[in-house]
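The number in the numbering used here is simply the position in the sequence shown, starting from 1, with 303 added. For reference, the structure discussed in these notes is given below.
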Amino acid sequence: MPPETGQVLLVGAGPGAADLLTVRALRAIEGAGALLYDALVGEEIVALAPPGCLRIQAGKRAGRASMGQQTINRLMLRLARRGLTVVRLKGGDPSIFGRSGEEAAFLRRHGIEAQVVPGVTAACAAAAQFGFPLTHRGEARRLVLATVRTGDGEVTGGGWPALADPEATVALYMGRDCAGEAARRLIAEGRAPSTPAIAVENASRPQARLLSSRLDRLGAAVAHAGFTGPVLLVIGEAAARAAVGDARRTDGHPDRLERASA
Ligand SMILES: C[S@@+](CC[C@H](N)C(=O)[O-])C[C@H]1O[C@@H](n2cnc3c(N)ncnc32)[C@H](O)[C@@H]1O
């Protein structure tokens with residue numbers, strides 16, 4: 304008799320720290336027959352899978368070879384058809400730049416309903432760790448989660464006016480290597496050059512770093528910082544409240560790069 308079809312769970316692993324997993328995500332990982340995990344998911348979280356669980360690194364770090372999306376899709380399908388509970392584990396929240404829509408649609412076309420388990424996205428983790436709000440009464444009435452990269456990795460030509468609203472906090476994902484270009488485009492659309500702008504590397508992890516700057520200096524400051532981990536850019540008045548410990552950034556302060564306090 305062919306095995307009963309298994310199921311696929313698209314699970315958010317959160318930004319890195321294992322204690323930011325949701326209880327539902329933890330239960331999913333502990334019940335996995337196969338775990339397909341992205342490069343941003345740390346070993347501590349992968350280690351929560353049960354003995355005997357098939358663990359497969361499915362890649363996706365900028366600039367490094369990774370498993371193609373088609374291969375990942377087919378692999379999930381094959382494993383589910385073997386009757387396994389497949390956990391597709393992604394950094395942050397699967398529905399935010401996590402391709403959960405594409406993967407769920409592929410599985411549905413092949414007769415498998417995927418369930419999504421949400422996770423803490425990088426913007427929330429960065430805000431919590433460095434003590435700034437993403438919205439703030441009277442200053443930041445909107446939060447825009449955006450990427451300025453197209454599917455091919457190029458900087459997008461359109462959509463910039465939507466990010467230029469002075470009352471919006473803009474959280475830019477995958478923006479490390481195009482911070483200067485993004486800042487230039489935002490200023491050209493009318494965002495003030497003095498707008499507070501920060502970069503957070505490795506949010507929620509012990510090695511997290513905060514770079515405090517302003518929009519017109521962001522590109523140079525990020526390039527100078529030599530970041531190697533995942534970096535989130537946050538632009539807007541609310542970002543002025545970001546700080547390590549008691550330190551507070553003041554307007555006109557030189558760019559500052561600090562490590563998270565323990
Ligand atoms: C493909 S997107 C995935 C986003 C993820 N689904 C989320 O909700 O956070 C990868 C980008 O997310 C951001 N990112 C993910 N984890 C991060 C972290 N711990 N610290 C800073 N940025 C992070 C970076 O901008 C990185 O380039």
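Ideal Cβ placement from N, Cα and C applies to all residues, glycine included. Since the structure is predicted, the reported quantities are computational estimates derived from the model, not experimental observations.
{"Asked": "Arg330 in three-state terms, based on DSSP", "Found": "helix"}
{"Asked": "Given 8 Å, three or more beta-carbon pairs between the region 414-423 and the region 494-505", "Found": "no"}
{"Asked": "When Ala407, Gly394, Cys427, Ser398 are compared against Arg377, the one with the closest alpha-carbon", "Found": "Ala407"}
{"Asked": "Check: Ala425 C-beta below 7 Å from any heavy atom of ligand 1", "Found": "yes"}
{"Asked": "Ala361: CB within 7 Å of a non-hydrogen atom of ligand 1", "Found": "no"}
{"Asked": "In DSSP terms, what Leu466 is bridged to", "Found": "None, per the DSSP bridge assignment."}
{"Asked": "Buried versus exposed, by CB contacts within 10 Å (16 or more), Glu333", "Found": "exposed"}
{"Asked": "DSSP-derived helix/strand/coil call for Thr459", "Found": "coil"}
{"Asked": "Gln432 burial status per 10 Å Cβ neighbour count (16 or more: buried)", "Found": "buried"}
{"Asked": "heavy atom of ligand 1 below 7 Å from Phe400 C-beta", "Found": "yes"}
{"Asked": "Where Gln310 sits in the DSSP three-state scheme", "Found": "strand"}
{"Asked": "Cβ-Cβ distance between Ala337 and Leu351 below 8 Å", "Found": "no"}
{"Asked": "Delimiting residues of the alpha helix (DSSP H) encompassing Arg494", "Found": "No alpha helix (DSSP H) holds Arg494; DSSP gives it neither H nor E."}
{"Asked": "Alpha carbon of Gly404 to alpha carbon of Leu521, nearest angstrom", "Found": "32 Å"}
{"Asked": "Residue closest to Arg412, alpha-carbon to alpha-carbon, out of Leu380, Leu536, Val534, Val390", "Found": "Leu380"}
{"Asked": "Buried versus exposed call for Ala500 [16 or more other C-beta atoms within 10 Å across all chains shown]", "Found": "buried"}
{"Asked": "Three CB pairs or more closer than 8 Å across the region 536-547 and the region 433-453", "Found": "yes"}
{"Asked": "Among Glu457, Thr472, Thr453, nearest to Arg444 - alpha-carbon criterion", "Found": "Thr472"}
{"Asked": "Spatially closest choice to Leu313 from Arg402, Gly362, Pro354, Leu343, by CA coordinates", "Found": "Arg402"}
{"Asked": "Best match in Gly394, Cys481, Ala482 for proximity to Ala425 [C-alpha to C-alpha]", "Found": "Gly394"}
{"Asked": "Nearest neighbour of Glu307, chosen from Gln372, Asp341, Leu382 [CA to CA]", "Found": "Leu382"}
{"Asked": "Under the three-state DSSP convention, the category Val420 falls into", "Found": "strand"}
{"Asked": "Nearest residue (CA-CA) to Asp396, options Leu475, Leu489, Val423, Gly371", "Found": "Val423"}
{"Asked": "Unbroken alpha helix (DSSP H) run spanning Ala471, endpoints", "Found": "Not the alpha helix (DSSP H): Ala471 falls in the beta strand (DSSP E), residues 471-476."}
{"Asked": "Presumed contact (8 Å Cβ cut-off) between Leu513 and Glu442, rounded CB distance", "Found": "Between Glu442 and Leu513 the Cβ distance is about 19 Å, and since that is not below 8 Å, they are no contact."}
{"Asked": "Outcome for Asp341 when other beta-carbon atoms lying within 10 angstroms are tallied against a minimum of 16", "Found": "buried"}
{"Asked": "Rounded C-alpha distance that separates Ala474 from Leu536", "Found": "6 Å"}
{"Asked": "Local conformation of Gly441 per DSSP, three classes", "Found": "coil"}
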